[in-house]
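Undergrad: Take this structure, written in structure tokens, and hold onto it; I'll ask about it next.
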Amino acid sequence: MSKSEAPYAYRGLDRVFHEKARLGIVSSLIGHADGLAFADLKVLCDLTDGNLSRHLQVLQEAGYVEIEKGFEGKRPCTRCRMTGKGRVRFSEYLGVLEQVLRQAASGRERGEGDDERGTGWRPAHR
Amino acid sequence: MRDVDLALSELADIRAQLAASTRFQGLAPELNLLMGIAAFVVAAAQGFRASDAAGFVAVWGAVIAACGAIAVLEGVSRARRLHGGMARAMLGVALQKALPFAVAGLVVTWTVCTFAMESAWMLPGLWQILLGLLGFAALANLPREIAWVAGWYLCCGAVVLALAGEARVLSPWMMGIPLGVGQLAVAAILLRADAEGRSDE
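Protein chains in written order, with the numbering used here: chain A, 1 to 126; chain B, 1001 to 1201.
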């Protein structure tokens, strides 16, 4: 079956982003061109050190996030930043989410129309 | 508002936020390099031929307009190529930032040339100040070092206004040096940023 014959396949829904914690990380990072400190990201996403490191590693391996280890004053500081590639892919991911929502909405409208005409699916007990 | 519409509007907000903080890649370093060289060449050529204020404004107005038009055409094609699915949003952000300054430049130039040609000595300084302000306004979408170029244009604008105000004479180098040095610096900054961007991916 070709892509055009499977409109609900959502092949562009990138699994790297499509995970709750990673979606939170990426959503936190997109508004910060200079990135965020690991400690800030941990608080914003409510993740433990280990969990955040694991998810960041997945994003880094995909080339969506870059991690810089440096110093802020005398304290070591790890900064995480979205790469250009990550931003383009995330924009495409948002496009697929919009497509999902539009298809769901049009499906629901068709269903409502059917109900008004007295046809279509109805639950057994109301 | 239905849940779906609310979700779609939230996604649009996220997309706008993403575009607002993403580096605009529509500016080609090579084009800015050519603009810088063109500024020096035009200034040198104008130095050989004395021209009045109207001639000065016509020549430099045409140089800026030509550079702007080429930058827009190149910017659209580069943005489509490099930003992929984000191109439309990025071009929207760039237009939103640049249009007010382009319109202000056009209005100021037209007003001075139509109603107060004797004040044409102010135009080079004002153009440079507008370029500086445009640089600062677009900082979120450009490499951070562009702030130095924006500062350069702002300082040059003030100095050129002071010099031209004192002598009431327009020298071609009042545009040639600020524009030439400024655009060469922009080209160098963009080249460096492009090289860093390529190493990220």
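Here a beta-carbon is modelled for each residue, glycine too, at the ideal position from N, C-alpha and C.
These figures come from a predicted structure and were not determined experimentally.
1. Is Arg79 (chain A) near Gly86 (chain A), with beta carbons less than 9 Å apart?
2. Strictly below 8 Å CB to CB, what residues from chain A border Gln1017 (chain B)?
3. Going along chain A, which residues have a C-beta under 8 Å from Gly1084 (chain B)?
4. List the endpoints of the continuous beta strand (DSSP E) containing Val65 (chain A).
5. Within 9 Å of any Cβ in chain A, is that where the Cβ of Ala1007 (chain B) sits?
6. What does Ala6 (chain A) touch in chain B if you count any residue whose Cβ is under 7 Å from its own?
7. Measure the C-alpha to C-alpha separation of Arg1088 (chain B) and Gly95 (chain A) and round it to an integer number of angstroms.
8. Taking the runs of the alpha helix (DSSP H) that are 4 residues or longer, which of them lie wholly in the stretch 11-46 of chain A?
9. Is the CB of Gln1025 (chain B) under 9 Å away from at least one CB in chain A?
10. Does Leu101 (chain A) get closer than 9 Å to chain B when you measure Cβ to Cβ?
11. Do Gly1157 (chain B) and Leu1131 (chain B) count as a contact pair if the criterion is CB distance below 9 Å?
12. Mapping the DSSP letters down to three states, classify Arg89 (chain A) as helix, strand or coil.
13. Please name the residue or residues paired with Pro76 (chain A) in a DSSP beta bridge.
14. Which runs of the alpha helix (DSSP H) fall wholly inside the stretch 1083-1126 of chain B and span at least 4 residues, in chain order?
15. Under 9 Å between the Cβ atoms of Gly1085 (chain B) and Val58 (chain A)?
16. Cutting at 7 Å between CB atoms, please list the residues of its own chain near Gln1247 (chain B), excluding the five before and the five after it.
17. Helix, strand or coil for Arg81 (chain A) per DSSP?
18. Where do the ends of the alpha helix (DSSP H) carrying Tyr1153 (chain B) lie?
TA: The answer reads as follows:
1. no
2. Ile30 and Gly31
3. Val88, Ser91 and Glu92
4. Val65 to Glu72
5. yes
6. Near Ala6 (chain A) there are no residues of chain B at all, since even the closest Cβ is about 20 Å away, more than 7 Å.
7. 12 Å
8. 20-30 and 38-45
9. yes
10. yes
11. yes
12. helix
13. A:Phe71
14. 1087-1115
15. no
16. The requested residue 1247 (chain B) does not occur in the structure, where chain B is confined to residues 1001 to 1201.
17. strand
18. Ile1146 to Ala1167
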